[in-house]
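The next block holds one structure in the form of structure tokens; read it before the comments.
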């Protein structure tokens, strides 16, 4: 049932023009009772947050290249590739549109990945930048480009971004 | 009529939990006929884009402090202050949720302001960074913090951000 509902939302978001997402519309597309959807998720924001969380969890493998610079460059490239998927972008914008819960679901896992990369550098004996500053300077431009201006970011861009952070 | 409809949307967005935005709901709140709203804006995305454009146009005055660093620091501070307004944040998230049109309406004017600041530096004989890189490193973190993690950004943060760009 969970899979059918998630897929129904993804399909509805992909349609152009996108139908407005309501529980009855989603339930009809998934072939389940609306009451079942209400009982499990409560509302569209909770449902979108659940979908965003499951979509953005474990989608990017934290790289281990042997250096902080290499790890961050590869990670930025992976996230940029993921954000270039039109379905991902539609899901992310819809989740943002539902409010704080959806926004958090879009970034929580990315933030955890960055923290893991910085922790590994510390365990190598390095002194990486703080996670907040790293998020500002890497996740900031990545999400700004994807969500607001939909401008593709190539591999050179990842290197420039990481160089701006690490010097 | 335009003002009444804009105000109706702002009111509906401010309510908790936010009612789902449809043309009939908006028209009823504004006290106008739904057909009038359909005729003028066509759909909710167009309407939200119009509201975002009018809200984000001319809301920040391009500063002229005599130096690029000073201009950028003051501008980042102004934008951060604006983005800390809960009504602005709700409008921006709702506009993003409607798709590319709404996203563009949120950033077009900011991008033009940055270009104006960089142009002024060129007219002073300076060699400012490119507008794309400037947008990545200033608008990126500003919008990421506001939209995704809702973390307030103080004046020190603006200085650090600009120092990261200008060295």
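Protein chains in written order, with UniProt numbering: chain A, 1 to 167; chain B, 1 to 167.
Here a beta-carbon is modelled for each residue, glycine too, at the ideal position from N, C-alpha and C.
Enumerate in chain order the residues of its own chain whose CB-to-CB distance from residue i is below 6 Å, with the five nearest sequence positions on each side excluded.
i                     : result
residue 121 (chain B) : 68 and 128
residue 35 (chain B)  : none
residue 116 (chain A) : 62
Taking Cβ positions only, does residue i come closer than 8 Å to chain A?
i                     : result
residue 147 (chain B) : yes
residue 150 (chain B) : yes
Report all residues from its chain with a CB closer than 8 Å to the CB of residue i; omit the five preceding and five following residues, and keep chain order.
i                     : result
residue 166 (chain A) : 68, 69, 72 and 129
residue 87 (chain B)  : 10, 13 and 14
residue 21 (chain A)  : 9, 12, 13, 44, 48 and 94
residue 46 (chain A)  : 101
residue 52 (chain B)  : 91, 92, 95, 102, 105 and 106
residue 77 (chain B)  : 155 and 158
residue 162 (chain A) : 69, 72, 73, 76 and 138
residue 24 (chain A)  : 34
residue 133 (chain A) : 165
residue 89 (chain A)  : 83, 146, 147 and 150
residue 119 (chain A) : none
Can you list, in chain order, the residues of its chain with a C-beta nearer than 7 Å to that of residue i? Leave out the 5 residues immediately preceding and following it.
i                     : result
residue 74 (chain B)  : 63 and 65
residue 29 (chain A)  : 8, 11 and 12
residue 31 (chain A)  : 4
residue 79 (chain B)  : 60, 110 and 142
residue 164 (chain A) : 137
residue 33 (chain B)  : 27
residue 84 (chain B)  : 152
residue 135 (chain A) : 111 and 114
Is there a C-beta anywhere in chain B that falls below 8 Å from the one on residue i?
i                     : result
residue 94 (chain A)  : yes
residue 164 (chain A) : yes
residue 3 (chain A)   : no
Is residue i a contact residue of the ligand FMN, with contact defined as CB to any heavy atom under 7 Å?
i                    : result
residue 32 (chain A) : As for the ligand FMN, it is missing from this structure, which has no ligand bound.
Can you confirm whether the stretch 91-103 of chain B touches the stretch 87-105 of chain A when touching is taken to mean that 3 or more C-beta pairs between the two stretches lie within less than 8 Å? The stretch 87-105 of chain A vs the stretch 91-103 of chain B: in contact.
Taking a Cβ distance cut-off of 7 Å, strictly less, list which residues of the stretch 127-142 of chain A are near chain B, in chain order. Under the 7 Å Cβ criterion, the stretch 127-142 of chain A contributes 136, 137, 139, 140 and 141.
Between the stretch 41-61 of chain B and the stretch 148-162 of chain B, can you find at least three pairs of beta-carbon atoms closer than 8 Å? Put simply, the stretch 148-162 of chain B does not touch the stretch 41-61 of chain B. Fewer than three CB pairs are less than 8 Å apart.
Chain-ordered residues of the stretch 95-106 of chain A with a beta carbon less than 9 Å from chain B: Going along the stretch 95-106 of chain A in chain order, one finds 95, 96, 97, 98, 99, 100, 102, 103, 104 and 106 with a Cβ nearer than 9 Å to chain B.
If we count Cβ pairs, one from each stretch, closer than 8 Å, do we get three or more for the stretch 131-147 of chain A versus the stretch 130-145 of chain B? The stretch 131-147 of chain A, when compared against the stretch 130-145 of chain B, does touch it at the 8 Å Cβ threshold.
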